[in-house]
Every structure is written in C-alpha cells, then in structure tokens.
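Quick note: the sequence shown uses this note's numbering, first residue 32, plus one each step. Virtual Cβ for every residue (Gly too), placed ideally from N, Cα, C. No experiment lies behind these values; they were computed from the predicted model shown. These notes concern the structure reproduced below.
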Amino acid sequence: MRIAVISDTHMPRGPRSLPARCVAELRAADMILHAGDFMRVEVLRMLERIGPPVHGVHGNVDDEALRRMLPATRVVELGGARIAMIHDAGPRTGRLVRMRARFKDADAVVFGHSHLPLHETAEDGFQIFNPGSPTERRSAPAHTMGIATVEAGRVRLELISL
C-alpha cells in the first residue's frame with residue numbers, strides 16, 4: 032500500500048497551489064494522509080477529488096468547519112500497520128518519547144505544524160514523521176511531502192523534495 036503524506040498546505044492563499052509533482056504523487060497513492068492546516072474545507076474537497084481516500088486531522092489555522100469535520104488526532108489502520116496523526120507534536124526535545132507514550136499502539140506518528148521535514152526512528156522501530164509542506168516551506172530548504180509504504184504490517188517512510 033502506498034500512502035501520500037502531506038501537511039500544512041495553507042490554501043487558498045494568493046496564487047498558491049499544489050506543485051504538479053505533489054498532485055501526481057497524490058493521484059498515484061492508495062490513500063492520502065493530511066496532518067492539518069488545510070485552512071478551508073474547499074482544500075479537503077479538492078484533495079478528495081484527486082481520487083484516493085483522504086484521512087486528516089485539523090490544525091491550528093483550520094477554519095471552524097474543518098474543526099467540526101476532522102478530529103485533533105486519529106489512528107488509521109493500513110495493511111496491519113497503525114499510523115497515528117496529530118498536527119502539533121510539541122517541542123522538538125523529547126518528541127519521539129512523548130509521541131511513543133501518547134500513541135502506544137501505533138507504529139508511526141505523522142505530524143506537521145513546523146513545516147520542517149523530520150523523520151526519527153526509536154530503537155523499537157516506532158517512527159515519527161513530519162512531511163514538511165508542499166506549498167509553504169518557511170525555513171525548510173525545499174517544498175516537501177512524504178510517501179509511506181506499508182507492507183506486511185511494516186511502515187517505511189520517505190521524504191520527497193518537490
């Protein structure tokens with residue numbers, strides 16, 4: 032199973048749109064995970080029109096309609112793996128341990144908020160992953176997204192520069 036992972040799209044805002052490579056990766060995926068900060072419901076609807084099912088959580092800049100539609104956290108089960116989602120995973124210091132304690136039964140946690148790509152793995156194989164942002168890189172070197180591959184109950188996460 033191939034899962035496209037995005038966060039912090041912050042749309043609509045001016046002429047901002049998803050990069051063509053991001054849209055191609057979303058279309059090629061079996062599922063899309065969005066870790067919050069869509070901004071408006073129409074962005075969720077646009078992602079749904081791309082094709083694969085979309086699972087998301089709301090972020091701190093999402094409008095009230097999105098906050099009513101989407102949970103603050105969720106766990107998605109895919110091919111025997113459990114991927115937890117949250118928008119803001121808190122301060123960098125202790126994040127891996129804190130997310131492991133919060134999502135005890137998850138194999139990985141996908142989050143956003145900082146726009147800074149991150150992938151860390153604990154000794155037991157538990158992973159945390161921030162795909163960055165495909166539209167607003169802030170201090171990150173590039174616009175990014177992620178791909179999660181689930182096989183035999185195991186999750187492999189990779190970052191893609193757009």
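Query: Throw me the rounded Cβ distance for the D68 and S38 pair, which I believe falls under 8 Å.; Result: 7 Å
Query: For I159, which of R169, A132 and A183 has the nearest alpha-carbon?; Result: A132
Query: Could you tell me which of V181, L147, F157 and N161 sits nearest to P172, measuring between CA atoms?; Result: L147
Query: Counting Cβ pairs, one atom from each stretch, are 3 or more of them under 8 Å apart for the segment 75 to 82 and the segment 179 to 193?; Result: no
Query: Please state the DSSP three-state secondary structure of R44.; Result: coil
Query: Give the secondary structure of M32 by DSSP, where H, G and I count as helix, E and B as strand, and everything else as coil.; Result: coil
Query: For T124 and M130, what's the separation of their Cα atoms in angstroms?; Result: 11 Å
Query: Using three-state DSSP, classify R185 as helix, strand or coil.; Result: strand
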